[in-house]
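Structure record follows, encoded as structure tokens.
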Amino acid sequence: MTYAVEFQNLSRTFDKVRAVDNVDLQIGEGEFFSMLGPSGSGKTTCLRLIAGFEQPSAGSVRIFGQEAAGLPPYRRDVNTVFQDYALFPHMSVADNVAYGLMVAGVGKRERQERAQAMLELVKLGDYGQRRPAALSGGQRQRVALARALIKKPRVLLLDEPLGALDLKLREQMQIELKSLQRQLGITFIYVTHDQGEALSMSDRVAVFNLGRIEQVATPRELYTRPATAFVADFVGTSNVFDHAAAQTLCGQDRPFSIRPERIRIGQDGPREGEIGLSGELIDIQYLGAVSRFEVRAGNGKVLAVVSPNLDDHDVAFTVGAPVKLYWPQRAMHPLAPEENGHVAHA
Amino acid sequence: MRFDRSTADRAPWWLKSLAWAGLGFLHLPIVMIVLYAFNTETSAYSFPLKGFTLHWFSIAFANPDVLAAIGLSIKIALVATLLAMVLGTMAAGALYRGSFFGKEAVTLMLILPIALPGIITGLSLLAAFRLAGVAPGFWTIAVGHATFCVVVVYNNVVARLRRNSMSLIEASMDLGADPWQTFRHIVLPQIATALLAGGILAFALSFDEIIVTTFTAGNEVTLPIWLLNQLTRPRDVPVTNVVAMTVMLLTTLPIIAAWRLTSGTEDIAGSGK
Amino acid sequence: MSRMLERRGLSALTDALYRRPALWLFLLLAPPLLWFGLVYLGSLFALLAQSFFTFDDFTMNVSPVLTLDNYRALLDPANHDVILRTVAMAAAVTLAAAVLAFPLAYYMARYARGWRKGFFYVAVMLPMWASYIVKAYSWTVILAKGGLVYWFYRSFGLSGVVDWLLSLPGIGGDSLSTSTLGRFTVFTYIWLPFMILPIQAALERVPGNLIQAAADLGATPFMAFRTVILPLAFPGVVAGSIFTFSLTLGDYIIPQLFGPSGLFIGTMVYTMQGSIGNMPMAGAFTLVPVLIIAVYLSIAKRLGAFDAL
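Chains as they are written, first to last, in this note's numbering: chain V, 1 to 346; chain G, 1 to 273; chain E, 1 to 309.
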């Protein structure tokens, strides 16, 4: 089968820095695919390698089976929505949207009509004659989207497109983006450092760290079965037990992670299939729906516990008191043994 | 200790006076040139002025020497500006980002013609033209002027290019525009005003240049050389006054235009002269 | 058909250039580099080469026989005078320009707000860019007998003071425009804007609250100025002085138009080349300002003038 985008042993080095380090990846047609990672992890460079702004130092990038290495951006059937929108300030909104058609030699009448249709798709039908500077951040975002989509790309690249928007708008745009992608049926490749964004929209997510991919999985899998300590920690919050901690604290012989909400805090004693440890409660944060507890275990390791505030049970605890933590064995996720340079904070 | 903010941010009277006095000193000669252009006196510079007349304007602009000098200076300035705009834009395009071996040396070389005393540039050009057997004339003047005008255009364009987001160029190519289309539709409109401002400054610089020109001019008489000749061998005071004011206008008005084109930026400030 | 081929050829070329940014950079840089390398550096070398040629005093001919005589002649006592006179003038002009420029630059940077800021900026730029030769001409008008300055000191009964000034050795002369004082005034006027703008730019970078901080710590305004403002403005003063110093060193028109006889480096070069046709000696002489400026720059660098730039 041909993939929309396929990396084979892809590397990109800048001077001596390996921004992308021997990456293999397949992205299917019609997928909403996210590249998630902290800044400098190589996710944006991967996107730029697909767009053609960067050329690989080694390996190959295939777009629908065709080798793209060496092809300039203007000869690729992909389009990009930029982080800073990159709207042309000297053109009207309509001219911005029609730009891709203009340089392709499409006649004036046709490109005006198609630009108008595109603006209506992103609910900006009345804004064609304005300048980008006269639009709000969210509106600029939509123009950038319309401008990229008018070329009918088979793959749309989005580089942290919601980064500059405020929280409310961001959540609304997430829903719109997702429904737009379903409606158009094209591949979206979405770069973000916000794990919530990646989880809520994507079919699959690749987690990047130090130029490599730590794990590629569906959001559910990523959250419930993180493959590495890094993923466990970066996607959501996790209590990561490295080999030593697992052994001394709870007698396990493999490193594992456990989500804060799977840990039960109490005094009663272990239930069926649970293991536990004891520690000292060092902080309670009341967060409304839930409370967050910080507990220092025997060897100084601090664990996070989140429990719902169903019956104000948090008031029963006092900072400095000894507590016991329990969790079901099946809630623990075994982690891959740590590699050189890829050890996450344990 | 003083906590009075309102007085802390107001200039003391003596500083304000000194500043305005300094400004007055800078503009006194300019005002004088404008005043004397309308003076009725024919052979001296006595003050207060004798009377007001527009008579000398018609005399000056009927003088064939003056007209020829103005024509020559404009032609040279146009050629030099055009060359400087092409070369300066190319240099700016190559040097505005990234770094490569020898970049510093190249920028230094661009600045050298205005950084070194003009007499060195002038004499060097003359020595080279002699060695190459080129007779001084229109083209030797234009070549000299273009050389020191490049940096003015370069400074303006490079400042604008650096301010513009690289992602605009990437966005254009992403949407299918090849590098030529990108230059035509995106880069050129972005740098247009800076390029124009640079061109205007280059024109003004070339139009009134004298230090280099006297070496490369041979027997050609540009407008500044005509003025210098009048200064060393005064013949026609009223006509000289009128021509001086004309040159002043032709160089200062473009400066204001260039400033407006780039206002809100620091493009011109660093360009020197 | 042929047009299509042409287009295809062109786009293949475009793609090839895109793939090789170094080649593209080279193509962009080649014309300016060629121009500057050939025209400008070539000329400088031509001049340098000719400064080693032999000039025959009798036939007034230059022959390409290499010699160091021209450089030896630079050490003649007569030429010492020329160099000293020029350097002294350049130093005096630089000092005067710095003193005059500072209050104006300080006001511009610290107090001018709103429309005044733009107004002052343009008002300093304008005289800087206005025609050099016209500015020089204007001063012959201002300093002329019976002109503005004469009228001014006559009306205020200051003739005695002016006569006394003109009688002083070293700065005096027959009249205002033929005195060293006159020459100094014109030089200072013409290069003054080149001093104002760098100082203003340097002061612009000094945060206003620094002065308040100094005052808060108990510094008197004078102490705050001396210990906070002046050191921070110093790089600007040095940057400006490079202009005023080197522009005065190389000038040959103002010394011709104003002041007593007695050559400057610039006028020396000009006469050597122009009236005598001794290009080799003129070439050797141009090396003097270059050397002086190089020494000046290295001192400025030692003083840390470029650290803040």
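Where is the CB? At the ideal position from N, CA and C, for every residue including glycine.
Check: What in chain E is Cβ-close to residue 70 of chain V, meaning under 8 Å?
Finding: Stepping through the first sequence from its first residue, residue 70 of chain V is reached at position 70. Ordered by position in chain E, the residues that pass the 8 Å Cβ test against residue 70 of chain V are 19.
Next item on the list: Identify, in the order they occur along the chain, each residue of the same chain with its Cβ nearer than 8 Å to the Cβ of residue 246 of chain V, setting aside the five sequence neighbours on each side.
Entry: Here residue 246 of chain V corresponds to residue number 246 of the first sequence, with the count starting at 1. Taken in chain order, the residues that qualify are 252, 253, 254, 255 and 256.
Check: If you drop the 5 nearest sequence neighbours on each side, which residues of the same chain put their C-beta closer than 8 Å to that of residue 9 of chain V?
Finding: For this step, residue 9 of chain V is matched to residue 9 along the first sequence. For residue 9 of chain V, where only same-chain residues beyond five positions count, the Cβ hits under 8 Å are 22, 23, 24, 58, 59 and 60.
Checklist line | Any 3 or more C-beta pairs closer than 8 Å across the region 168 to 180 of chain G and the region 111 to 122 of chain G | finding: no
Check: So, is residue 325 of chain E buried or exposed, given that buried needs 16 or more other C-beta atoms within 10 angstroms?
Finding: Any property of residue 325 of chain E remains undetermined from this structure, which presents chain E solely from 1 to 309.
Check: Could you give the distance in angstroms between the alpha-carbon of residue 267 of chain V and the alpha-carbon of residue 306 of chain V?
Finding: The residue you call residue 267 of chain V lines up with position 267 of the first sequence. The residue you call residue 306 of chain V lines up with position 306 of the first sequence. If you take the alpha carbons of residue 267 of chain V and residue 306 of chain V, they lie about 16 Å apart.
Next item on the list: Just the chain V side, please: which residues come within less than 8 Å of residue 104 of chain G by C-beta, in chain order?
Entry: By 1-based counting over the second sequence, the position of residue 104 of chain G is 104. Within chain V, no residue comes near residue 104 of chain G; the closest Cβ sits about 19 Å away, beyond 8 Å.
Next item on the list: Compute the distance between the beta-carbons of residue 186 of chain G and residue 88 of chain V, then report whether it is under 9 Å.
Entry: Within the second sequence, the letter at position 186 stands for residue 186 of chain G. Within the first sequence, the letter at position 88 stands for residue 88 of chain V. Yes, the pair counts as a contact, with Cβ atoms nearer than the cut-off.
Next item on the list: Helix, strand or coil for residue 344 of chain V, going by three-state DSSP, please let me know.
Entry: As a first step, residue 344 of chain V is located in the first sequence; it is residue number 344 there, counting from the start. Confidence at residue 344 of chain V is low in this model, with a pLDDT of 41, below 50, so its placement is unreliable and no value can be given for it.
Item checked: Contained alpha helix (DSSP H) runs [length at least 4] in the region 95 to 174 of chain E, N- to C-terminal order -> 115 to 129, 132 to 143, 148 to 155 and 159 to 167
Notebook entry, point to check: Just how far apart, CA to CA, sit residue 193 of chain V and residue 131 of chain V?
Noted result: Translated into the one-based positions of the first sequence, residue 193 of chain V becomes position 193. Translated into the one-based positions of the first sequence, residue 131 of chain V becomes position 131. So the two alpha carbons sit approximately 30 Å from each other.
Item checked: residue 63 of chain G versus G/14, G/236 and G/163, residue with shortest Cα-Cα distance -> Translated into the one-based positions of the second sequence, residue 63 of chain G becomes position 63. If we check each option's Cα against that of residue 63 of chain G, G/236 comes out closest.
Notebook entry, point to check: In three-state terms, what does DSSP make of residue 330 of chain V?
Noted result: Stepping through the first sequence from its first residue, residue 330 of chain V is reached at position 330. Helix at residue 330 of chain V.
Next item on the list: Taking only runs that begin and end inside the region 176 to 263 of chain G, name each unbroken beta strand (DSSP E) of 3 or more residues, in chain order.
Entry: none
Check: For residue 141 of chain E, which residues from the same chain have a beta carbon less than 7 Å from its beta carbon, with the 5 sequence-adjacent residues on both sides left out?
Finding: Working through the third sequence from its first residue, we reach residue 141 of chain E at position 141. So the qualifying residues of the chain are 147.
Next item on the list: Establish whether the CB of residue 76 of chain V and some CB of chain E are separated by less than 9 Å.
Entry: By 1-based counting over the first sequence, the position of residue 76 of chain V is 76. It does not; no Cβ of chain E falls within 9 Å.
Note to self: Our contact map puts residue 240 of chain E next to residue 98 of chain E with C-beta atoms below 8 Å; I'd like the distance itself, whole angstroms only.
What the structure shows: Locating residue 240 of chain E in the third sequence gives position 240, counting from the first residue. Locating residue 98 of chain E in the third sequence gives position 98, counting from the first residue. Going by Cβ atoms, the distance from residue 240 of chain E to residue 98 of chain E rounds to 7 Å, so yes, they are a contact pair.
Check: Mind checking residue 108 of chain E: buried by the 16 CB within 10 Å criterion, or exposed?
Finding: On the third sequence, residue 108 of chain E is found 108 positions in, with the first residue counted as 1. By the neighbour-count rule (16 or more Cβ atoms within 10 Å), residue 108 of chain E is buried.
Item checked: Limits of the beta strand (DSSP E) - the one that residue 29 of chain V falls within -> Within the first sequence, numbered from 1, the residue matching residue 29 of chain V stands at position 29. Segment: none, residue 29 of chain V is in no beta strand (DSSP E) and carries neither H nor E.
Notebook entry, point to check: For residue 72 of chain G versus residue 43 of chain E, is the C-beta distance shorter than 9 Å?
Noted result: Taking the second sequence and counting its residues from 1, the one referred to as residue 72 of chain G is at position 72. Taking the third sequence and counting its residues from 1, the one referred to as residue 43 of chain E is at position 43. In this structure, residue 43 of chain E does not lie closer than 9 Å to residue 72 of chain G by Cβ.
Check: Would residue 126 of chain E pass as a contact of residue 256 of chain G if the rule is Cβ separation under 9 Å?
Finding: If you number the third sequence from 1, residue 126 of chain E lands on position 126. If you number the second sequence from 1, residue 256 of chain G lands on position 256. Going by C-beta atoms, residue 126 of chain E is nearer than 9 Å to residue 256 of chain G.
Next item on the list: Report yes or no: do three or more beta-carbon pairs, one from the region 191 to 209 of chain E and one from the region 228 to 247 of chain E, lie closer than 8 Å?
Entry: yes
Next item on the list: Using alpha carbons as the reference points, say which of E/259, E/69, E/189 and E/181 lies closest to residue 30 of chain G.
Entry: If you number the second sequence from 1, residue 30 of chain G lands on position 30. The shortest C-alpha separation from residue 30 of chain G is found at E/189.
Note to self: Considering only DSSP beta bridges, list what residue 39 of chain E is partnered with.
What the structure shows: Within the third sequence, the letter at position 39 stands for residue 39 of chain E. BP columns for residue 39 of chain E are empty, so no partner.
Notebook entry, point to check: Does any residue of chain E bring its CB to less than 9 Å from the CB of residue 124 of chain G?
Noted result: Within the second sequence, residue 124 of chain G is the residue found at index 124, counting from 1. Yes, contact with chain E.
Item checked: Where residue 10 of chain V falls: helix, strand or coil (DSSP) -> Residue 10 of chain V sits at position 10 when you count from the first residue of the first sequence. Strand.
Item checked: Per-residue contacts from residue 147 of chain V into chain B (C-beta, under 9 Å) -> Among the chains of the structure shown, chain B does not appear; the protein chains present are V, G and E.
Check: Could you check where the beta strand (DSSP E) with residue 280 of chain V kicks off and where it finishes?
Finding: Walking along the first sequence from the start, residue 280 of chain V turns up at place 280. Start and end: 274 to 286.
Check: Hey, is residue 224 of chain V close to the ligand HEM, as in C-beta under 8 Å from one of its heavy atoms?
Finding: Ligands in the displayed structure: none, and consequently the ligand HEM is not present.
Notebook entry, point to check: What's the gap between the Cα of residue 163 of chain G and the Cα of residue 182 of chain G?
Noted result: Counted from its first residue, the second sequence places residue 163 of chain G at position 163. Counted from its first residue, the second sequence places residue 182 of chain G at position 182. Each residue's alpha carbon lies about 17 Å from the other.
Check: Taking the C-alpha atoms as reference points, what is the distance between residue 132 of chain E and residue 187 of chain E?
Finding: Position 132 of the third sequence, counted from the first residue, corresponds to residue 132 of chain E. Position 187 of the third sequence, counted from the first residue, corresponds to residue 187 of chain E. Residue 132 of chain E and residue 187 of chain E: Cα-Cα distance of roughly 11 Å.
Next item on the list: Confirm, please, whether the CB-CB distance from residue 258 of chain G to residue 80 of chain G is below 9 Å.
Entry: Here residue 80 of chain G is taken as the residue at index 80 of the second sequence, counted from 1. Here residue 258 of chain G is taken as the residue at index 258 of the second sequence, counted from 1. No, Cβ-Cβ distance for residue 80 of chain G and residue 258 of chain G is not below 9 Å.
Check: Which residues share a DSSP beta bridge with residue 370 of chain V?
Finding: Within the shown structure, residues of chain V are numbered from 1 to 346, placing residue 370 of chain V beyond reach of any answer.
Next item on the list: Put residue 57 of chain G into one of helix, strand or coil per three-state DSSP.
Entry: Here residue 57 of chain G refers to the residue found at position 57 when the second sequence is read from its first residue. In this structure, residue 57 of chain G counts as helix in the three-state DSSP scheme.
Margin query: With the cut-off set at 9 Å, would you say residue 105 of chain E and residue 282 of chain E are in Cβ contact?
Written below: To locate residue 105 of chain E, count along the third sequence from 1; it is residue 105. To locate residue 282 of chain E, count along the third sequence from 1; it is residue 282. Not in contact: residue 105 of chain E and residue 282 of chain E (Cβ atoms no closer than 9 Å).
Notebook entry, point to check: Smallest Cα separation from residue 203 of chain V: which of V/211, V/263 and V/185?
Noted result: Within the first sequence, residue 203 of chain V is the residue found at index 203, counting from 1. Residue V/185 is the option with its Cα nearest to residue 203 of chain V.
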